[in-house]
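Residue numbers (the working numbering): 1086 to 1667.
Each residue gets a CB set at the ideal place from its N, CA and C atoms; glycine is no exception.
Note that the structure is a prediction, hence the values are computed from the model and not measured.
Beneath this line is the structure, given in structure tokens, with notes to follow.
Below you can see the structure in the form of structure tokens.
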């Protein structure tokens, strides 16, 4: 997938442009009211003052021989000289004076109207230029200098506006001074759902140790992001790193950033809000607020529902609104989704509709028992709501990726298992979020060792045929990017309790673990082999080139393609477990 179907920076700029225009319109209306009041005072109060002044100066009657057309100043002069005029002449003088004053006022009014008309044109032009500059500045703040230049040059006032011409020149110069980054120099970090209430996540129950190993708290996440922003990191899309050509080839692209800025990719896995996490201090789902912005819903202890920045996605959105220079061309993160329990917190999978007993998990059975009215209409409402949220996310710079429908290891499931899983993802997830050409393997698994994907790899051939061009595994090294001519392959670095506790040095280029560590965490983090849950015990610290299928995603539980959770025992057979951290 080449150019994106959305332009979030333009969307944000248009919103600010509209706000500016509305403010300007209100200002013009207020100014118009003031002008009307001034004209009213001029028409009513001033003549009365003039008459009063005339009467005061005319205590000595004007000369009777005064002509009716004598102006006010001459009448006043004659009065001061002591000459007299009859009442008729005085009235005529008043009439003549008033007529002259009215003519003068009319001329002045005409002049004012012309000036007002000129001001209106000038004001309209100024408003439009300001709006164009605001939109261009937003684009430039997100390093889209070509977009900023196109924006100002598209204005009808560009040829006559020195401000717009200077802006275009400035953007071109800034771009020329940028540093070029190759894809091989871009790091990729990922998180799982963010813990909002640490006291509930680390409460000692069945899942507490898994949360401690594989999640971060909101305090940790916000500190990490703030640190990275302060250090000059900028979010980029994986599509900023590569070009997918019409012939199916995939080639590298450069990223241009000012000196001192560093690109990185952000992704979040399993944004599905699984049933087992209910009540454990996580958000319950994503929602649209009254402004159409994506937020997270959180269920309080008393059952009331709060809406806010309770997870990674809305937190990033709010941060970027305040810091547009944290994103490259408005691109944010990649959202990796399974599908077996629905997506984004909505129970959208077909099994909630079919209620196929062979595929229902215990959590899904409990959900359906607790919600007996969850019928076809309710299910369709879940699908429609999730679709609206997905559309809003894409419009605001987010991308989606397959995390496989059943959170599977493709090699372990075999080609036929992968084919079944992919069909389910396309039928249950792609229909909601739209097409994607990114697959982020669960478990940190892969379909090959560290060598390039080859054309005789049946897994690769199949996934390529299904439209995937970007493949992601897990690798703890700073950079791991590989092109084979028809795909881009990228390693991701897990940011979680396990990695921060045992390998803080591997994260030192991003942040200081001691500065972000949440004091509400338990004192220690168990080794994976010590935890009798469902995590893969094959999670290892890898060196460059060791991004093979044995390097497991540190928070990826062994959820099978039927949605059950399993762990491989020492005999190699799978034993079903009661816990899942994905």
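Here residue 1348 is bridged, per DSSP, to 1319.
Residue 1518 has its alpha-carbon roughly 7 Å from the corresponding atom of residue 1476. Between residue 1273 and residue 1300 the beta-carbon gap is near 19 Å, outside 8 Å, which marks them as no contact.
In terms of Cα proximity to residue 1570, the closest of 1554, 1256, 1579 and 1246 is 1554. Minimum Cα-Cα distance from residue 1343 among the listed residues 1295, 1399 and 1257 corresponds to 1257. Between residue 1565 and residue 1585 the beta-carbon gap is near 20 Å, outside 8 Å, which marks them as no contact.
The straight-line gap separating the alpha-carbon atoms of residue 1285 and residue 1388 is approximately 15 Å. In this structure, the alpha-carbon of residue 1583 lies about 56 Å from that of residue 1243. Contact annotation: residue 1422 and residue 1488 have beta-carbon atoms nearer than 8 Å.
For residue 1413, the beta-bridge partners assigned by DSSP are 1416.
Boundaries of the alpha helix (DSSP H) harbouring residue 1217: 1172 to 1226, taken from the DSSP string.
For residue 1611, the three-state secondary structure derived from DSSP is coil. The alpha-carbon of residue 1418 is positioned some 43 Å away from that of residue 1207. Residue pairing by DSSP puts residue 1382 in a beta bridge opposite 1370 and 1392. Per DSSP, residue 1475 is one residue of the alpha helix (DSSP H) stretching across 1461 to 1480. Residue 1377 is not a Cβ neighbour of residue 1282, given a cutoff of 8 Å.
If you check the CB distance, residue 1559 and residue 1577 come in under 8 Å. Between residue 1420 and residue 1484, the gap from beta carbon to beta carbon is short of 8 Å. For residue 1355, the closest of 1269, 1491 and 1608 by C-alpha to C-alpha distance is 1491.
In the three-state DSSP reduction, residue 1266 falls in the strand class (E or B). Between the C-alpha atoms of residue 1314 and residue 1224 there is a straight-line separation of about 18 Å.
Contact between residue 1596 and residue 1412 does not hold, since their C-beta atoms are separated by about 19 Å, which reaches or exceeds 8 Å. Around the beta carbon of residue 1600, fewer than 16 other beta carbons sit within 10 angstroms, so the residue counts as exposed.
Just measuring C-alpha positions, the residue of 1442, 1448, 1212 and 1399 sitting nearest residue 1481 is 1399.
Excluding residues up to 5 positions away in sequence, 1335, 1538, 1545, 1549, 1553, 1554, 1555 and 1556 lie with their Cβ nearer than 8 Å to the Cβ of residue 1572 in the same chain. Residue pairing by DSSP places residue 1484 opposite 1419 in a beta bridge. By the criterion of a C-beta distance shorter than 7 Å, residue 1607 is surrounded in its chain by 1287 and 1297, once the five residues flanking it on both sides are discounted. Spatial neighbours of residue 1392 in its own chain (CB-CB distance under 7 Å, excluding positions within 5 residues in sequence) are listed in chain order as 1372, 1374, 1380 and 1382.
Secondary structure at residue 1354: strand, using DSSP grouped into helix, strand and coil. Residues of the same chain with a CB within less than 7 Å of the CB of residue 1241, apart from the 5 flanking positions on each side, do not exist. Cβ-Cβ separation between residue 1598 and residue 1611: approximately 17 Å, too far for a contact (criterion under 8 Å).
Nearest Cα to residue 1246 within the set 1425, 1214, 1460 and 1504: 1214. In this structure, residue 1261 and residue 1238 do not form a Cβ contact; the two beta carbons are roughly 17 Å apart against a cut-off of 8 Å. Within the model, the alpha-carbon separation for residue 1319 versus residue 1458 is close to 46 Å. One alpha carbon belongs to residue 1321, the other to residue 1352, and they sit about 11 Å apart.
The three-state reading of DSSP puts residue 1239 in coil, since its state is none of H, G, I, E or B.
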